[in-house]
Structure formats: C-alpha cells, structure tokens
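Asker: Residues in the sequence shown are numbered consecutively from 0, following numbering that gives the first Met the number 0.
The beta-carbon is built from N, C-alpha and C at its ideal position, and this holds for glycine as well.
Computed from a predicted structure; not experimentally measured.
Sharing a structure with you now.
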Amino acid sequence: MEALTEWSSELEEIAINIGSECSSSPAHAQYGIGRVDGQSSADGIYNALETIRKKFVLSTSACSSPVTTAQCSGFKQFLWYKGGKVGCAAVYCSENSEPIATTCVFEQKMKDQQLYISGDKCNFCGSGKCDGDLCVPSSSSPTQPPCGSKPSDLVPLYRLVHKSRYDTILSTSQDIATTVASTYENKGIFGYISTSQDSGCKYLAPLMQLSATGKVDYVYVIGTDYLTYYNQKNYNFVTTLGYVVSEAGLCGANVTANQFLRSSTWNYYTADEAEVSQILLRTGTYSTFWFVDKPFALWSAA
C-alpha cells in the first residue's frame, strides 16, 4: 500500500467543483473520487470510512447492507493501493439528506481489479522503502526521478486508428499501413522506442501488445501486473514491440501515451496533449470516451 505523497491545490479545486454538483455518484474522467456524506472533520471522515470497512469484503470487492453502492464505490477509492497527490473539500448541499459532504480527488484513479494484495506490509514496495507500514518514494527514486541516458537505438513507433471504432494499432513496421484494412487511418509516427535494453537507462521495460479475443482491439502494457489484468479480460499476448519507460522524464522520455476506452469496447491511444484536453471534456465526437491510464512514455525523436 503506497502512502499519499502530497496535498494538491489543483485537486482541491476540482473537489470543490465536483462537490458543488451535489451528485450522489460523483465521478471524473481522469481522477479518482471518494465522498463521505455528513462529515467535514478528519476524525469524522475516518470514523465514517471505518464503519464502511466493517461491511467490506476484499476478495469480492463488495460491501454488504446497509452500505449503498455509491458509498462503497467512494470507500474503495480511499482504499486503492496507489498513493500520489490528493485534494479534498467540504461542500454544503441543501437538497441532500446530509447537507455537508466531503469530496476527495485522488491523482491515482482506482481500476477494476482487487484494491490491494493481502500479505505482509510493504512486501511489494517498488521503491524498496517503507515508512509507517506504507510504501514511500526512496531518495533514489522520487517523483522527479534521476534521468538516466536516452537510449541510443530508437526507432519509430507508427500509429493507425480505425476510422469509426477508434481502436489503435501501434507497430514499428513502416509497412504496417499496407497490411491492414483500409478502414484504418495512418496517423504517422506516435513516438520513438528502444529496440533493446540499454544499460544507460535502467528504467526501460518491454512494451507488450495484447489482442482481444472475439473482437478487433489491442492494448499496450508494461509490467506483469497489467499483463495479468488484461489476460483476465480475455486479451492475449501478441508481441513485444520494443522498450519504453513508465513516465516522461525517465531517460529523457518526453512523450506520454494516453489510453482511452471508447463505448466501453475499444482502446484508443494518443500522445497529443491538445487532443487529450478535448477528449476529457467528453463532448461531441468524444462523448463516449473514458480516460483509462497513462501507461508508458517514449521519445519524440531518435
């Protein structure tokens, strides 16, 4: 379980805006949302969450009565194992049965999987450092990590997008556009990836392509956790495209891949930050798109 790293004024502003909507099921396309009704103090929020915890079963990720679905969903966001930034705000909603509600916005949005792994505390800390029974960043791997060297053997990663479904094909083959159906549009170079593990960049990880069973759709992941997660959703390993890093800044990576799910069916990938901002508004063409993750980072040039 990771510790929360810092308070975010930006996330606090989002919490104010979302809380002011007075929705019984608050949500955000990019961030995780947890809400506690009838409480505004830290002690009150803790006690309310503790009451829900007694009705929560980890193995099924479900709550028993009298906890509502909305209350359980908010509780699970508080319990999600990833840390990161957080911002909260208490807002008065006169039309609600409990007019005071505290909304918290988390940098790390929970996924549709087990919230954390049972076992000894701090067994799975990526940083190798534990404080107060929680995983914390180590001095050698802070949120702004040491760069490492840019890999020397970078090659283009090409992107093709289906013209109506928006599912995305990524490939290092320059001829990929000639081997797929004409219903795909060639979007050119997505970024550059390494063809091998480079000793100058210890953060490199294999970028794996997985294909769905029973439909045409692909996802692109790094790490065995995500491989297992998508295997459970009937996505099977196809190939390793090359090597990338987990976030921009590592080894000079300056392009972030953004993953969206369209109509709960097709995975769309873009590195265009202007387009990402438009998608997050969820209007017009993008009304059926939902933000999923920033799964990896790559380079803008060789």
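So, at 7 Å on beta carbons, what are the nonlocal neighbours of Phe-189 in its own chain, with the 5 sequence-adjacent residues on each side left out?
Answerer: Excluding sequence neighbours, Phe-189 sits near Leu-156, Tyr-157, Arg-158, Leu-169, Ala-270.
Asker: For Gln-29, which residues in the same chain have their Cβ closer than 8 Å to its Cβ, ignoring the five residues on either side in sequence?
Answerer: The answer, listed in chain order, is Lys-108, Leu-279, Phe-290.
Asker: Look up Phe-320 in the DSSP assignment and give the residues it is bridged to.
Answerer: Absent from the structure is residue 320, since the part of the chain shown begins at 0 and ends at 301.
Asker: Do Thr-282 and Pro-136 have their C-beta atoms closer together than 8 Å?
Answerer: Not closer than 8 Å, so no.
Asker: Inspect the beta-carbon positions of Ser-262 and Asn-235 and report whether they are closer than 8 Å.
Answerer: Not closer than 8 Å, so no.
Asker: Just the C-alpha distance for Thr-67 and Val-160, rounded to the nearest angstrom, thanks.
Answerer: So the alpha carbons of these two residues sit roughly 40 Å apart.
Asker: What's the C-alpha gap between Val-218 and Thr-287?
Answerer: Going from the Cα of Val-218 to the Cα of Thr-287 covers about 18 Å.
Asker: Provide the residue span of the beta strand (DSSP E) that contains Ala-100, from first to last.
Answerer: First-last of the beta strand (DSSP E) with Ala-100: 99-105.
Asker: How should Lys-149 be labelled, buried or exposed, when 16 other C-beta atoms within 10 angstroms of its C-beta is the threshold for buried?
Answerer: So Lys-149 counts as buried.
Asker: Counting pairs of beta carbons, one from the stretch 84-99 and one from the stretch 47-54, are three or more of them closer than 8 Å?
Answerer: These segments do not touch.
Asker: With Leu-280 as the anchor, note down where its beta strand (DSSP E) starts and where it stops.
Answerer: Unbroken run through Leu-280 is the alpha helix (DSSP H), 272-280; no beta strand (DSSP E).
Asker: Could you tell me whether the stretch 32-41 touches the stretch 166-183, where touching means 3 or more Cβ pairs closer than 8 Å?
Answerer: Result no; under three Cβ-Cβ pairs closer than 8 Å.
Asker: Kindly list the residues whose CB is nearer than 8 Å to the CB of Trp-6, restricted to its own chain and excluding five residues on each side of it in sequence; keep chain order.
Answerer: Answer for Trp-6: Lys-84, Val-85, Gly-86, listed in chain order.
Asker: Are at least three pairs of beta-carbons, each pair with one atom in the stretch 183-198 and one in the stretch 214-231, less than 8 Å apart?
Answerer: No, the stretch 183-198 does not touch the stretch 214-231.
Asker: According to the Cβ coordinates, are Val-90 and Ile-13 closer than 8 Å?
Answerer: No, Cβ-Cβ distance for Val-90 and Ile-13 is not below 8 Å.
Asker: On the three-state DSSP scale, how would you describe Asn-230?
Answerer: Looking at Asn-230 - three-state DSSP - the assignment turns out to be helix.
Asker: Could you please give me the residues that DSSP links to Asp-130 through a beta bridge?
Answerer: According to DSSP, Asp-130 bridges with Leu-133.
Asker: How should Ile-44 be labelled, buried or exposed, when 16 other C-beta atoms within 10 angstroms of its C-beta is the threshold for buried?
Answerer: The residue is buried, with at least 16 neighbouring Cβ atoms inside 10 Å.
Asker: Is the separation between the beta-carbon of Val-254 and that of Ile-221 shorter than 8 Å?
Answerer: Not a contact, by the Cβ cut-off of 8 Å.
Asker: Based on the DSSP secondary-structure assignment, which residues constitute the bridge partners of Tyr-225?
Answerer: Tyr-225 pairs with nothing; no bridge assigned.
Asker: Which of helix, strand or coil does DSSP assign to Arg-164?
Answerer: Of the three classes helix, strand and coil, the one that applies to Arg-164 here is coil, per DSSP.
Asker: My output table needs one value for Ala-211: the three-state DSSP class, helix, strand or coil.
Answerer: DSSP places Ala-211 in strand when its eight states are reduced to three.
Asker: Rounded to whole angstroms, what's the CA-CA distance from Thr-284 to Asn-257? Just pull it up for me.
Answerer: For Thr-284 and Asn-257, the distance between alpha carbons rounds to 17 Å.
Asker: So Leu-114 and Ser-63 are in contact, right, with Cβ under 8 Å, and what is the actual spacing, rounded?
Answerer: That pair is no contact at about 16 Å.
Asker: With distances taken from CA atoms, which of Ala-100, Ser-58, Lys-81 is nearest Gly-18?
Answerer: Minimum Cα distance to Gly-18 is reached at Ala-100.
Asker: Return helix, strand or coil for Glu-20, following the three-state DSSP convention.
Answerer: Coil.
Asker: Whole angstroms are fine: how far does the CA of Asp-292 sit from the CA of Glu-274?
Answerer: About 15 Å.
Asker: Would DSSP call Gln-143 helix, strand or coil?
Answerer: Only weak support is given to the placement of Gln-143: the predicted model assigns it a pLDDT of 43, under 50, and the question is left unresolved by the model.
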